Amino acid sequence: MQSADETVYTVGELNTEVRGLLESEYPRVAVVGEVSNCRKYSSGHIYFTLKDEEAQLASVCWRSTASRLRVVLADGMRVIVSGRLTVYEARGQYQMVVDSVREAGRGDLQLAFERLKEKLEAEGLFDPARKQPLPRFPLTIAVITSPTGAAVRDVVSTLERRWPCARVLLLPVHVQGEMASGEIAAALELAGRARDLDVVIVGRGGGSLEDLWAFNEERTARAIAACPVPVVSAVGHETDFTIADFVADVRAATPTAAAEIVAPILDDVMGALDLSLERMARGVSTRVRLMQSRLSELVRSYALGRIRSRIEQALQSVDYHTERLQRGTASALEARRTGLNALSTRLGDLDPRAVLARGYAICDEPTSGRLVSTARDAALAGAMRVRFSDGNVMTEVKGETE
Amino acid sequence: MSAEKPDAASLEASMKRLETIVTELEAGDQPLEAALERFEEGLDIGKRCREILDRAEERVRRLVDVADDGSIRSEDLEGE
């Protein structure tokens, strides 16, 4: 029951009154603490939480002040801020409006980060020689991250868009909080035992230094280092560096960037493959044309002329297959293959060098180059050039024999 | 469910081999017969690579466990 002398405030009235009290009582105050959850808005205002082991204080630095600050506020930084206290009435939250900031040494998390970094670096865990190269064409990709965050969507959609031929396996874990580093380490260990795994992406989206802390823990770092499969780290935004990034085989600036580093673009690879097949076909048809010009030097008689027409057919067949290759249809592949198979056999039969190597020789009349194919022609010619597989000799015809 | 899985290393090796063959054939300094053999081999490699690249894998799955022999057990992601 309400007594007669009790004042009943509206919420707004109360907040206004408290605000007045706070503002008059604390027009200027200095506080020491660690910066955390620091967010810079496009408006230019900076919001952060100042904290120590026991308590937190919401703080804001308006744009006009923010642009004059001589230190760049960042999570983990230990600072002394000066300003006034006020109440954000709409939310009934009291906060500090900061008008100056100076550094007061580094925060605990920052110190822990640097100690671990030094220790692991001394052990050689960041050594470039330890880094494993990524496979060019990974076919099974593991993703270790939270199953609910934006990071998993970014990674999976990027992988599916660029490189749909890969199998993507998710290992869901907590990426912040007490259990996070244990789960991440266990997932890395599990992935490391898989036989057909080509690469692992481990990470999460952006957050405060506390949020990213699991990626600064020794357990996570050692699990990454021990993983026999190449690991790409993808923690936070471009500017966030974690111990995991130093140990990983490759550090990606964001989860999306990790997927882009890991997966080639399928169309590019297909295009390169087509181009290779096309260049190969062109190379072979050039070879066959060279062969033809060598043959035409040797082949003059009617008998060999018949072979020539078969060679020309073979050449046409190569042209045909080359053209089909250039059109680059997948279904043509088998047709080309059998066509060229036949061609290969035929050309093998025709190779005049193969004939000469079997002990036959070609005789011609040295001045005219006309082929000498009968004993009578030989007697008339008087002298002949005889072609063997390894060169020519000049001969003199002494007469016909039986 | 993963009956036969081509591995990344052999795909990479195949692509490299194909590049070597292309270079050799363009240089044109082997005997014709060898050149045609290379060409055959190149076509085979091209076909095999294409088969791998043409696969459209199922959507992302959850890795459940890895057996002692290293084989992966996976399942559909619940929900989405």
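First to last, the sequence lines map onto chains W and Y. According to the working numbering, the first sequence is numbered sequentially starting from -3. According to the working numbering, the second sequence is numbered sequentially starting from 27. Note that beta-carbon positions come from the ideal geometry of N, C-alpha and C, so glycine has one too. Keep in mind that this is a model prediction, so the values were computed, not measured.
Is there a Cβ from chain Y that is less than 8 Å from the Cβ of residue i?
i              : result
residue 224(W) : no
residue 384(W) : no
residue 228(W) : no
residue 399(W) : Because chain W is modelled from -3 through 398, residue 399(W) falls outside the range shown and cannot be assessed.
residue 181(W) : no
residue 186(W) : yes
residue 190(W) : yes
residue 171(W) : no
residue 272(W) : yes
residue 194(W) : yes
residue 168(W) : yes
residue 175(W) : no
residue 286(W) : yes
residue 280(W) : yes
residue 200(W) : no
residue 73(W)  : no
residue 276(W) : yes
residue 283(W) : yes
residue 325(W) : The predicted model places residue 325(W) with a pLDDT of 48, which falls under 50 and marks its position as unreliable, so this point remains unresolved.
Can you tell me whether DSSP reads residue i as helix, strand or coil?
i              : result
residue 79(Y)  : helix
residue 48(W)  : coil
residue 89(W)  : strand
residue 36(W)  : strand
residue 168(W) : strand
residue 68(Y)  : helix
residue 355(W) : coil
residue 141(W) : strand
residue 214(W) : helix
residue 41(Y)  : helix
residue 100(W) : strand
residue 30(W)  : strand
residue 266(W) : helix
residue 54(Y)  : coil
residue 124(W) : helix
For residue i, would you say it is in contact with chain W, using Cβ-to-Cβ distances shorter than 8 Å as the test?
i              : result
residue 102(Y) : no
residue 87(Y)  : yes
residue 43(Y)  : no
residue 39(Y)  : no
residue 96(Y)  : yes
residue 74(Y)  : no
residue 29(Y)  : The predicted position of residue 29(Y) is uncertain, since its pLDDT is 37 and thus under 50; a value taken from the coordinates is nonetheless stated next. Chain W, which has no Cβ nearer than 8 Å to the Cβ of residue 29(Y), makes this no.
Excluding the 5 residues preceding and the 5 following residue i in the sequence, name in chain order all residues of the same chain whose CB lies nearer than 8 Å to its CB.
i              : result
residue 86(Y)  : 103
residue 47(W)  : 29, 30, 32, 53
residue 222(W) : 184, 185, 188
So if DSSP puts residue i in a beta bridge, which residue, or which two residues, is it bridged to?
i              : result
residue 100(Y) : 89(Y)
residue 388(W) : 383(W)
residue 84(W)  : 89(W)
residue 163(W) : 136(W)
residue 57(W)  : 42(W)
residue 360(W) : 367(W), 381(W)
residue 276(W) : Partner(s): none; residue 276(W) has no beta bridge.
residue 200(W) : 231(W)
residue 78(W)  : 26(W), 96(W)
residue 248(W) : 230(W)
residue 195(W) : 137(W)
Whose C-beta lies closer than 6 Å to the C-beta of residue i among residues of the same chain, with five residues either side of it excluded?
i              : result
residue 105(W) : 72, 205
residue 14(W)  : 83
residue 100(W) : 28, 74, 75, 76
residue 43(W)  : 35, 56
residue 47(Y)  : 64, 68
For residue i, which residues of its own chain have a beta-carbon under 7 Å away from its beta-carbon, when the five flanking residues on both sides are left out?
i              : result
residue 41(Y)  : 75
residue 202(W) : 232, 233, 236
residue 325(W) : In this prediction, residue 325(W) scores a pLDDT of 48, lower than 50, which makes its location untrustworthy; no coordinate-derived value is stated.
residue 27(Y)  : Reliability fails at residue 27(Y), whose pLDDT of 34 lies under 50, so the model's placement of it is uncertain and no value is given.
residue 393(W) : 374, 375, 377, 378, 379, 380
Q. Quick one, which residues of the stretch 149 to 165 of chain W are near chain Y if we go by CB-CB under 7 Å, in chain order?
A. 152, 160, 161, 162, 163, 164, 165
Q.
Short of 8 Å Cβ to Cβ, which residues in the stretch 128 to 143 of chain W face chain Y?
A. Going along the stretch 128 to 143 of chain W in chain order, one finds 131, 132, 133, 134, 135, 136, 138, 139, 143 with a Cβ nearer than 8 Å to chain Y.
Q: Could you list the residues in the stretch 48 to 62 of chain Y with a C-beta less than 7 Å from some C-beta on chain W, going in chain order?
A: 48, 51, 52, 54, 58, 59, 61, 62
Q. Residues in the stretch 82 to 104 of chain W with C-beta within 8 Å of chain Y's C-beta atoms, listed in sequence order?
A. Residues passing the 8 Å Cβ filter: none.
Q. Using a beta-carbon distance cut-off of less than 7 Å, what residues from the stretch 257 to 269 of chain W approach chain Y?
A. 262, 265, 266, 269
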